[in-house]
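Following: one structure in structure tokens, then a few remarks.
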Amino acid sequence: MQLLNLDQHLQYERESLYRYPRNSDGAIDWGAVADGLVLCSIDSDSIELSAAIQQFAPNAGRLIFFWGSLAVPSVEMGLESCASHLSDITESVPEFWIYSPGDRVVVELSFSGVVTAAHVPVDTDDLSSAQRR
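Per the working numbering, the sequence shown starts with residue 373, numbered consecutively.
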């Protein structure tokens, strides 16, 4: 487990959370996300968060955890470390996001208890870079 410095946090946030439309409170506006990107949206009582991560981020070598406030540093964890700490995290923090850079997937546990997993939207700059290669 590694705490991210501000530059690392901002880099991962630009790659993931900032690609989604946001509500005025900063939360992802899932209603405005293209249906083809959303992999699942289900009540947390109906799905184990670790199972959702394994299902929707199977290539996760590392996971980035974002919290609702910069006062708590973002964390990078390996999959095994994540599995052993996930229950403590969900008991302590009501809302957070997990980003799998290897899968380009975000998993959100919302304050209302909904687990949503989605592919990260592709930025037009990403498409331009890929086409030039």
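All C-beta atoms, glycine included, are put in the ideal place defined by N, C-alpha and C.
To the nearest angstrom, how far is the alpha carbon of residue i from that of residue j?
i	j	result
Val487	Glu480	6 Å
Ser446	Leu376	5 Å
Pro393	Ile470	17 Å
Asp415	Gly403	16 Å
Ser484	Asp417	11 Å
Pro466	Ser482	7 Å
Thr495	Ser396	Checking the sequence, you will find Asp at residue 495 rather than Thr. If you take the alpha carbons of Asp495 and Ser396, they lie about 21 Å apart.
Ser472	Ser413	17 Å
Glu385	Val444	14 Å
If you drop the 5 nearest sequence neighbours on each side, which residues of the same chain put their C-beta closer than 8 Å to that of residue i?
i	result
Ile461	Phe437 and Phe468
Find out if the Cβ-Cβ distance for the pair residue i, residue j is shorter than 9 Å.
i	j	result
Arg434	Gly450	yes
Ala489	Val410	yes
Leu382	Ile400	no
Gly440	Gly398	yes
Ile419	Cys454	no
What's the call for residue i, buried or exposed, on a 16-neighbour Cβ count within 10 Å?
i	result
Arg391	buried
Arg378	For the record, residue 378 in the displayed sequence is Leu; it is not Arg. Looking at its Cβ environment, which holds fewer than 16 other Cβ atoms inside 10 Å, Leu378 is exposed.
Ser456	exposed
Would you kindly report the start and end of the unbroken beta strand (DSSP E) that includes residue i?
i	result
Gln435	The displayed chain sequence assigns Leu, not Gln, to residue 435. That run of the beta strand (DSSP E) goes Arg434 to Trp439.
Ser422	From DSSP, Ser422 is part of no beta strand (DSSP E) but of the alpha helix (DSSP H) over Leu421 to Phe428.
If you follow the alpha helix (DSSP H) that residue i is part of, which residue opens it and which one closes it?
i	result
Ile461	Leu451 to Ser464
Asp417	Element bounds for Asp417: n/a, residue is neither H nor E.
Glu385	Leu378 to Glu387
Please work out which residues of its chain come closer than 6 Å, Cβ to Cβ, to residue i, disregarding the five sequence neighbours upstream and downstream, and give them in chain order.
i	result
Leu499	Bear in mind that the predicted position of Leu499 carries a pLDDT of just 42, short of 50, making it unreliable; the figure below should be weighed with that in mind. If we look at Leu499 and ignore the five residues flanking it on each side, it has no Cβ neighbours.
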